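S.K.: At position 88 of the sequence shown the residue is numbered 88 (the UniProt record's numbering), and the sequence of numbers has no breaks.
Beta carbons are placed, not taken as given, at the ideal position from N, Cα and C, and that holds for glycine.
The model shown is predicted, which means the values in this text are computed figures rather than measured ones.
One structure is given below, represented as structure tokens, and several questions about it will come after.
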Amino acid sequence: MQEHEVVKEATKRACRAILDAKEAQLKAKLENIRLEKLQLQFAAIKIQTFIRGTLARKAFRALRSLVKFQAIVRGVIARKATRKLGNRVQFLLSHQDRAPKRRIKGKIKTLETRGDNYHSF
């Protein structure tokens, strides 16, 4: 029986060693899987960062061109308004000079048609 127990004990040790080896092998595989998962996460983060940066630059360029377009349109509107104002001022000044002359000419004509009986300005 002692021999039988020795064999039994040796078998237990061998099985334990095999189980320990398998456990170590599974732990190593699990660690490799964790490392691969981390690498994939870092790769995904890098890809997302690149894409977000590209989209942000694209949006900034679009916004910048929109702001430039807005400035151009505002400039056109301001120049148009200035031109209109200048035309109105010019019109007023030219008609301001003519208005008193017309009034005087009109009064002279009415005086001439009425005769000498009416003398008033």
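#1: Please return the same chain residues whose Cβ sits closer than 7 Å to the Cβ of K27, not counting the five positions on each side in sequence.
#2: Going straight from the alpha carbon of R13 to that of R34, what length do you get?
#3: Distance check for N87 and K80, CA to CA, integer angstroms please.
M.R.: Answer, in terms of the structure:
#1: Taking the sequence shown and counting its residues from 1, one reaches residue 27 at position 27. None.
#2: The residue given as residue 13 occupies position 13 in the sequence shown. The residue given as residue 34 occupies position 34 in the sequence shown. Roughly 31 Å separates the two Cα atoms.
#3: The residue labelled residue 80 in the question sits at position 80 within the sequence shown. The residue labelled residue 87 in the question sits at position 87 within the sequence shown. Cα-Cα distance, rounded: 11 Å.
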